[in-house]
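Data first, discussion second: the structure below is written as structure tokens.
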Amino acid sequence: MENLVYAIILLPLFGFLFSGLFGKQLPKAVVGGVATLVVFASFCIALSIFMKFDSESPARIIRAFEWFRVNGIQVNFGFHIDQLSLMMILIITGIGSLIHFYSIGYMSHDKGFHRFFAYLNLFVFSMLLLVMGSNYLILFIGWEGVGLCSYLLIGFWYKNLEYGAAARKAFIMNRIGDLAMIIGICMIAYQTNAVDFLSVAQNSSKFELDSPIIIFITASLFIGAVGKSAQIPLFTWLPDAMAGPTPVSALIHAATMVTAGIYLVVRSNFLYSLAPTTMDGILFVGLLTALVAAFIGLRQNDIKKVLAYSTVSQLGFMFVAVGVGAYTTAMFHLMTHAFFKALLFLGSGSVIHAMSGEQDMRFMGGLKDKIKITHITFLIGTLAISGFPFLSGMISKDEILTNTFGKNPMIWVILFIVATLTAIYMFRAYYLTFHGEFRGSEEQRKHLHESPTNMTLPLIVLAILSVIGGFINLPHFIGHGHYAKLADWLKSIYVYDVKLPEVAFNTEMVLVALTVLMLFTVWFFVKKTYVDKKKMALADEKYTGWERLSNRKLLFDEFYNATFVKFVEGLGVAGNMFDKAILARFVNFIGWGAEDSGRAAKRLQNGNVENYVLIMSLAIGIILIVNFLLQ
């Protein structure tokens with residue numbers, strides 16, 4: 014098994030080196046093929062290990078070597094394979110290989126083809142390191158690795174200054190969270206004399222329930238998760254990350270990076286279960302993020318921006334689940350979200366491909382008969398995220414809603430509103446894109462065609478997963494828990510029991526019925542608005558009232574620019590003035606002094622022997638006089 018674990022993580026690293034070193038000299042088919050195969054091979058190996066595991070299997074620690082020792086703490090470089098890491102590995106490599114395969118067609122005309130695949134492989138390697146690492150430090154290396162890869166891929170078309178700015182924004186906002194996270198890790202090491210997960214879990218009983226130190230540690234880690242998983246206030250980088258090629262968006266939103274925050278909290282369940290105050294904070298942040306992002310999504314007209322805000326909102330759902338202690342439910346929604354969000358992003362890429370690069374839904378319309386596979390699969394993704402009965406998104410999202418109702422009915426009400434907004438903006442995006450009359454140019458109309466097979470095949474696979482993916486963890490009212498396979502699979506990773514509030518059967522049935530009724534009501538009215546009444550999205554400057562606020566993203570970017578960015582720029586200007594007015598003058602004064610001294614000394618060295626004798630005599634005379642006076 015040890016060699017298999019090494020192979021899982023080293024294969025994508027090999028792909029990165031292969032594409033990076035030799036890709037430029039090789040045909041694109043070879044570069045794309047190798048990059049895809051290494052990730053798919055990792056998936057197959059992980060699947061073989063998964064088949065040998067069951068819910069009772071103990072965690073396997075693969076120690077590669079002793080990394081270092083400091084203050085009695087031994088830190089090994091190794092890997093932690095258990096039910097949670099296996100689940101994440103399968104998602105990363107499974108979805109990741111589909112995205113790689115899709116990218117062969119999507120990026121076929123790009124000059125940076127080999128560079129793109131090198132970065133993709135490095136991204137998968139970094140994410141695998143993050144979820145497979147046996148301790149917090151290795152996790153942090155992977156954490157920084159995905160941050161670097163996102164920077165490289167968001168700014169992939171680096172000649173576009175706007176894209177470069179988006180990449181820098183993502184990089185900087187993530188660093189804010191990372192600083193808090195490294196402080197949290199240092200505090201864990203100081204308090205428990207360990208950084209590996211098993212030892213920290215064993216020593217976690219030393220912490221008092223909800224003590225200041227456990228709140229500080231868990232809050233620090235959570236701030237790191239806020240940055241990586243784009244929660245309020247560090248969420249504005251994710252919609253801007255759409256600057257990268259569409260497969261990158263799918264990889265970031267579905268299989269890597271943004272899910273890292275959820276993984277971190279669930280992996281650290283032995284700490285969070287001891288910090289109810291932090292859990293309440295996570296619940297609040299997740300709830301606020303879900304609501305704000307859903308509101309902003311209502312009036313976005315860039316198809317990828319709509320999907321980006323839906324990701325932020327769905328991540329909020331997951332954090333709400335974590336906040337009420339429903340770790341498995343959060344992981345369940347993470348998995349189903351990976352299916353339908355990868356499907357939606359790759360579907361939007363297929364639309365953009367057909368529309369010759371157009372991303373604005375105001376210039377689309379009527380595509381359902383032109384790109385039939387993309388249309389059907391995008392509709393399935395839309396239904397899944399909106400909560401269509403028995404599709405994967407409905408089952409996992411309803412599990413979150415039910416858990417929150419048991420905690421506090423008001424939380425359920427807010428999430429119900431968020432689910433309603435989600436259905437509204439997703440059906441709006443679907444109808445504006447695929448129904449009505451075509452609103453693009455005549456040249457775009459002539460170019461309209463379905464994507465090649467290497468792009469549509471991943472769409473079909475992801476559509477199937479979006480339909481059946483929810484059956485892995487059916488709610489307990491179906492089959493009395495016998496079909497809650499994921500809950501059974503993950504139960505051994507939890508150190509402390511978390512009692513979730515129970516909801517009566519009849520109440521749960523009413524809640525499910527309300528969400529289903531909401532979905533069909535929204536579907537009916539959105540179709541009536543955008544198809545029957547043919548209402549179109551307005552130009553940005555024509556929005557007023559709440560629509561203007563939604564379209565302008567609640568002015569978050571303007572607020573950040575007016576405060577933090579201006580403050581930092583002010584510091585930069587002040588520093589520049591200090592440098593020129595004081596430091597530069599001081600340094601120049603020293604330089605000028607040395608120069609003048611040298612110039613004076615140069616006059617003495619004029620080659621005239623008589624002058625030398627005179628100066629020497631004067632010097633001797635001064636020395637004798639001083640000596641006499643001192644005596």
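Just so you know, our numbering puts 635 at position 622 of the sequence shown, and the rest follows in order with no gaps. Just so it is clear, CB atoms sit at the ideal spot from N, CA and C, and this is done for glycine as well.
Beta-bridge partners of residue i, as assigned by DSSP
| i | result |
| --- | --- |
| His93 | Ile74 |
| Ala343 | According to DSSP, Ala343 bridges with nothing at all. |
| Ala497 | Asn486 |
| Ile21 | Ile21 pairs with nothing; no bridge assigned. |
| Arg441 | Arg441 is not bridged to any residue. |
| Gln87 | Arg82 |
| Gly146 | Phe92 |
| Asp373 | Asp315 |
Buried/exposed call for residue i, threshold 16 Cβ in 10 Å
| i | result |
| --- | --- |
| Val325 | buried |
| Ala587 | exposed |
| Asp293 | exposed |
| Glu521 | buried |
| His127 | buried |
| Arg612 | exposed |
| Asn173 | exposed |
| Phe401 | buried |
| Ile393 | buried |
| Val18 | buried |
| Gly583 | exposed |
| Ile151 | buried |
| Pro422 | exposed |
| Thr49 | buried |
| Gly647 | The chain is shown only over 14 to 644; residue 647 falls outside these bounds and no answer can be derived. |
| Asp665 | Within the shown structure, residues of the chain are numbered from 14 to 644, placing residue 665 beyond reach of any answer. |
| Leu359 | buried |
| Ser233 | buried |
| Phe418 | buried |
| Ile635 | exposed |
| His122 | exposed |
Whole-angstrom C-beta distance between residue j and residue i, which should lie under 8 Å
| i | j | result |
| --- | --- | --- |
| Gly240 | Gly299 | Not quite, the Cβ-Cβ distance comes to about 14 Å (not below 8 Å), so this is no contact. |
| Gln457 | Glu371 | 6 Å |
| Glu412 | Thr342 | 5 Å |
| Ala267 | Ala351 | 4 Å |
| Leu97 | Ile506 | 5 Å |
| Gly155 | Met348 | Not quite, the Cβ-Cβ distance comes to about 20 Å (not below 8 Å), so this is no contact. |
| Ala367 | Lys383 | 7 Å |
| Phe451 | Gly379 | 4 Å |
N- and C-terminal bounds of the alpha helix (DSSP H) containing residue i
| i | result |
| --- | --- |
| Tyr574 | As written in the sequence, residue 574 is Asn, which differs from the Tyr given in the question. Counting along the chain, Asn574 falls outside any alpha helix (DSSP H), and DSSP gives it neither H nor E. |
| Ile628 | Val622 to Leu643 |
| Thr290 | Pro289 to Gly310 |
| Glu521 | Phe518 to Lys540 |
| Ser326 | Ile316 to Gly336 |
| Val544 | First-last for Val544: undefined, no H or E at that position. |
| Gln215 | Phe210 to Asn216 |
| Asn467 | Thr466 to Ile481 |
| Tyr176 | Leu174 to Thr205 |
| Ser399 | Lys385 to Ser399 |
| Met64 | Lys41 to Lys65 |
| Ser233 | Pro225 to Lys241 |
| Met407 | Ser405 to Lys420 |
| Thr259 | Thr259 to Ala263 |
| Lys459 | Glu455 to His460 |
| Arg5 | Look at the range of the chain in this structure, 14 to 644, and you will see that residue 5 is not part of it. |
| Pro252 | Trp250 to Asp253 |
C-alpha distance - residue i paired with residue j, whole-angstrom precision
| i | j | result |
| --- | --- | --- |
| Arg598 | Ala607 | 14 Å |
| Ser610 | Asp592 | 25 Å |
| Ile104 | Ser139 | 14 Å |
| Phe447 | Ala436 | 16 Å |
| Asn187 | Phe518 | 43 Å |
| Ala339 | Asn416 | 7 Å |
| Ile167 | Ala497 | 38 Å |
| Val639 | Ala614 | 23 Å |
| Arg73 | Ala54 | 21 Å |
| Ser242 | Thr231 | 16 Å |
| Val523 | Glu221 | 40 Å |
| Gln215 | Ser147 | 14 Å |
| Leu551 | Leu356 | 27 Å |
| Phe429 | Val529 | 11 Å |
| Gly248 | Ile185 | Residue identity check: residue 248 is Phe in the sequence provided, not Gly. Those two C-alpha atoms are separated by around 12 Å. |
| Leu23 | Gly274 | 24 Å |
Test: residue i CB closer than 8 Å to a CB of chain B
| i | result |
| --- | --- |
| Thr302 | The question asks about chain B, but that chain is absent: this structure has only one protein chain. |
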